[in-house]
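If you read the sequence shown in this note's numbering, its first letter stands for residue 1, the second for the next number, and so on.
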Amino acid sequence: MTDTTVQTAAKPDLMRFLKANVRDYALLLSLLAIMIFFQFTTGGTLFKPINMTNLILQNSYIVIMALGMLLIIVAGHIDLSVGSVSGFVGAVAAVMMVNWKVDPFISVIACLVLGGIIGGAQGYLVAYYKIPAFIVTLAGMLVFKGLALTVLGGASVGPFPKEFQLLSSGFVPDFTGGTFNWLAIVIGSAVTAAIIYFNFKERRNQQEHGLAEEPDVIFYGRNLLIAVAFLGFSYLMASYKGLPNVLIVMFTLIALFVFITTRTTFGRRVYAMGGNEKAAKLSGINTERMTFLIFAIMGTLAALAGLIFAARLNVATPKAGLGFELEVIAACFIGGAAVTGGVGKIIGAVIGAFIIGVMNNGMSILGVGIDLQQVIKGAVLMLAVFLDVYYKNKG
Numbered sequence: 001m002t003d004t005t006v007q008t009a010a011k012p013d014l015m016r017f018l019k020a021n022v023r024d025y026a027l028l029l030s031l032l033a034i035m036i037f038f039q040f041t042t043g044g045t046l047f048k049p050i051n052m053t054n055l056i057l058q059n060s061y062i063v064i065m066a067l068g069m070l071l072i073i074v075a076g077h078i079d080l081s082v083g084s085v086s087g088f089v090g091a092v093a094a095v096m097m098v099n100w101k102v103d104p105f106i107s108v109i110a111c112l113v114l115g116g117i118i119g120g121a122q123g124y125l126v127a128y129y130k131i132p133a134f135i136v137t138l139a140g141m142l143v144f145k146g147l148a149l150t151v152l153g154g155a156s157v158g159p160f161p162k163e164f165q166l167l168s169s170g171f172v173p174d175f176t177g178g179t180f181n182w183l184a185i186v187i188g189s190a191v192t193a194a195i196i197y198f199n200f201k202e203r204r205n206q207q208e209h210g211l212a213e214e215p216d217v218i219f220y221g222r223n224l225l226i227a228v229a230f231l232g233f234s235y236l237m238a239s240y241k242g243l244p245n246v247l248i249v250m251f252t253l254i255a256l257f258v259f260i261t262t263r264t265t266f267g268r269r270v271y272a273m274g275g276n277e278k279a280a281k282l283s284g285i286n287t288e289r290m291t292f293l294i295f296a297i298m299g300t301l302a303a304l305a306g307l308i309f310a311a312r313l314n315v316a317t318p319k320a321g322l323g324f325e326l327e328v329i330a331a332c333f334i335g336g337a338a339v340t341g342g343v344g345k346i347i348g349a350v351i352g353a354f355i356i357g358v359m360n361n362g363m364s365i366l367g368v369g370i371d372l373q374q375v376i377k378g379a380v381l382m383l384a385v386f387l388d389v390y391y392k393n394k395g
């Protein structure tokens with residue numbers, strides 16, 4: 001075979017791969033384009049270390065809830081109660097720590113358990129009584145919004161103990177001293193090296209079994225982009241106060257859910273349910289138990305998000321969690337989750353959450369009104385869903 005023949009054969013492979021993965025790469029390129037756009041239009045403010053830190057703190061709870069919401073959407077359901085549940089749990093945490101003087105660690109554990117129970121209870125109704133998730137969680141949204149008002153007595157409760165505030169406002173300490181946080185660079189470099197190592201290890205395994213589809217140019221380019229992004233982000237964090245505690249929590253959860261959805265039987269069963277629930281049940285999957293579990297997971301993550309939000313504000317308010325469910329659901333759909341279920345990736349949901357976060361941050365810096373911000377975010381969501389339906393019908 002001549003070199004010309006090899007090159008001719010390689011081109012279709014590259015084009016075929018790009019066509020098959022157009023949504024994934026388009027999503028990442030969209031995030032980069034939006035960030036570059038706001039970097040220039042805000043006069044360089046977007047990528048300033050303090051603003052990038054604020055971007056993480058402002059969107060961490062949305063990202064965390066998007067992880068659980070993706071599982072629910074992939075399984076073919078929806079959860080409209082996550083915002084109210086997070087606000088209710090934040091209210092309970094405030095009463096426990098501020099009014100009852102309960103130890104912050106015990107309070108956090110109790111609140112996470114409470115969130116899991118709430119999510120599990122809703123999942124039980126959906127799974128075993130076959131009540132549509134839309135109805136169950138819509139009712140839950142109203143119930144827990146009212147309960148949050150009741151628990152707080154209609155007034156804000158705070159401030160929280162210093163130990164609890166560190167959950168959202170604390171930073172990983174740097175033992176080297178000085179204004180530049182070298183520990184952030186070390187951690188960022190270690191994480192980057194680990195990600196690239198596992199990417200190369202997975203590709204080597206794919207090549208050994210003849211399963212490698214990603215062209216070399218795409219593979220090496222993707223890993224180069226990962227290295228630049230992670231190291232650049234680590235440098236920005238190190239230039240301010242270092243890595244926020246909530247970033248460590250968020251990144252750990254992202255890694256855990258990526259592993260669950262791609263490497264475990266549980267993850268494969270969630271996707272099987274969303275693809276065809278009847279077929280999944282006939283194949284031996286306990287779909288009722290799976291539905292119960294994913295709603296319990298969602299409840300726990302909503303509780304954690306509520307605690308992080310309360311710690312960031314340093315006060316629990318009756319309006320906490322208002323509209324969170326809309327941004328979380330939008331993040332999943334913008335991130336490539338299919339409306340009909342069965343399709344979606346954790347990384348896509350995370351990117352979708354950051355697209356919304358960067359848009360919120362950039363438009364706020366530019367002084368765009370809240371009304372126009374809502375219009376723009378709604379248009380982006382509609383475009384994402386339209387593209388999902390378009391490519392599905394085209395395929």
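We put the CB at the ideal spot given by N, CA and C, even for glycine. All values derive from a computational prediction rather than experimental measurement.
Can you tell me the Cβ-Cβ gap for T288 and A127, rounded? I've got them flagged as a contact below 8 Å.
It is Glu, not Thr, that sits at residue 288 in the sequence shown. With 8 Å as the limit, E288 and A127 qualify as a contact, their Cβ atoms being about 4 Å apart.
Mark L29 as exposed unless 16 or more other C-beta atoms lie within 10 angstroms of its C-beta, in which case mark it buried.
Under this definition L29 is an exposed residue.
At which residues does the alpha helix (DSSP H) containing S239 begin and terminate?
No alpha helix (DSSP H) contains S239, which DSSP labels as neither H nor E.
Does the pairing of the stretch 270-282 with the stretch 305-321 give three or more beta-carbon distances under 8 Å?
Result no; under three Cβ-Cβ pairs closer than 8 Å.
What separation, rounded to the nearest whole angstrom, lies between the Cα atoms of G116 and L381?
The straight-line gap from Cα to Cα measures roughly 29 Å.
In the DSSP assignment, what are the bridge partners of G171?
The sequence shown places Phe at residue 171, rather than the Gly named in the question. F171 pairs with P244.
Should G83 and L253 be called a contact, given that it needs their Cβ atoms to be closer than 9 Å?
No, Cβ-Cβ distance for G83 and L253 is not below 9 Å.
Helix, strand or coil, according to DSSP, for V157 in the structure here?
Reduced to three states, the DSSP call for V157 is strand.
Between L236 and the rest of its own chain, which residues show a CB-CB distance below 6 Å, the 5 nearest in sequence each way excluded?
Around L236: P49 and M52.
Give the straight-line distance between the Cα atoms of V6 and R204, rounded to the nearest whole angstrom.
Low per-residue confidence applies at V6: pLDDT is 42, beneath 50, and the placement is therefore not dependable, though the value from the model is reported in the following sentence. Their Cα atoms are separated by approximately 21 Å.
Exposed or buried, what is Y220 when buried is set at 16 or more other beta-carbons lying within 10 Å of its beta-carbon?
Answer is exposed; the Cβ neighbour count stays below 16.
Does DSSP put G378 in a helix, a strand or coil?
Helix.
Comparing alpha-carbon positions, which option in V385, T137, Y240 and T150 lies nearest V172?
Looking at the Cα atoms, Y240 is the closest of the given residues.
Tell me whether A75 sits in a helix, a strand or coil according to DSSP, three-state version.
Reduced to three states, the DSSP call for A75 is coil.
Buried or exposed: where does V151 fall if 16 or more other Cβ atoms within 10 Å of its Cβ makes it buried?
When all chains shown are included, V151 counts as buried.
Which same chain residues end up closer than 8 Å to Y25 when comparing Cβ atoms and leaving out the 5 residues on each side of it in sequence?
Hits under 8 Å: L18.
Tell me which same chain residues have a C-beta within less than 6 Å of the C-beta of G335, skipping the five on either side of it?
Closer than 6 Å at the Cβ level, and outside the excluded window around G335, lie G348, A349, I351 and G352.
So what's A303 in DSSP terms, helix, strand or just coil?
The answer is helix: DSSP assigns A303 an H, G or I state.
Give me the Cα-Cα distance between I64 and H209, rounded to the nearest whole angstrom.
Approximately 35 Å between the Cα atoms of the pair.
Taking Cβ to Cβ, would you say D103 is nearer than 9 Å to M298?
The answer is no: Cβ separation not under 9 Å.
Does Y61 pass the burial test, meaning 16 or more other C-beta atoms within 10 Å, or should it be called exposed?
With 16 or more Cβ atoms within 10 Å of its Cβ, Y61 is classed as buried.
Among the residues of its own chain, which have a CB less than 7 Å from the CB of C111, if the five just before and after it don't count?
For C111, where only same-chain residues beyond five positions count, the Cβ hits under 7 Å are V89, V92, A93, A303 and L307.
By Cβ distance, which residues of its chain are closer than 6 Å to A184, with the 5 residues on each side in sequence left out?
Cβ within range, chain order: S234, M237, A238, G242 and L243.
Tell me the rounded alpha-carbon separation between N245 and D174.
If I take the Cα positions, the gap works out to 12 Å.
Are the CB atoms of V358 and F38 within a distance shorter than 9 Å?
Yes, Cβ-Cβ distance for F38 and V358 is below 9 Å.
Report yes if the CB atom of F266 is closer than 9 Å to the CB atom of L293, and no otherwise.
Yes, the pair counts as a contact, with Cβ atoms nearer than the cut-off.
Any idea if I36 is buried or exposed, counting beta-carbon neighbours within 10 angstroms, 16 or more meaning buried?
Classification for I36: exposed.
Are V74 and G341 close, meaning C-beta to C-beta below 9 Å?
Yes.
So is D216 buried or exposed if we call it buried at 16+ other beta carbons inside 10 Å?
The residue is exposed, with fewer than 16 neighbouring Cβ atoms inside 10 Å.
Residue range of the alpha helix (DSSP H) that N361 falls in?
Where N361 is concerned, the enclosing alpha helix (DSSP H) stretches over I346 to I365.
Classify T264: buried if its beta carbon has 16 or more other beta carbons within 10 angstroms, exposed otherwise.
By the 10 Å Cβ count, T264 comes out exposed.
Count the other CB atoms within 10 Å of the CB of G362; is the residue buried (16 or more) or exposed (fewer)?
Answer is buried; the Cβ neighbour count reaches 16.
Have a look at I355, V22, R312 and V339 and flag the residue whose alpha-carbon is nearest the alpha-carbon of K412.
Outside the displayed range of the chain (1 to 395) lies residue 412, so it cannot be described from this structure.
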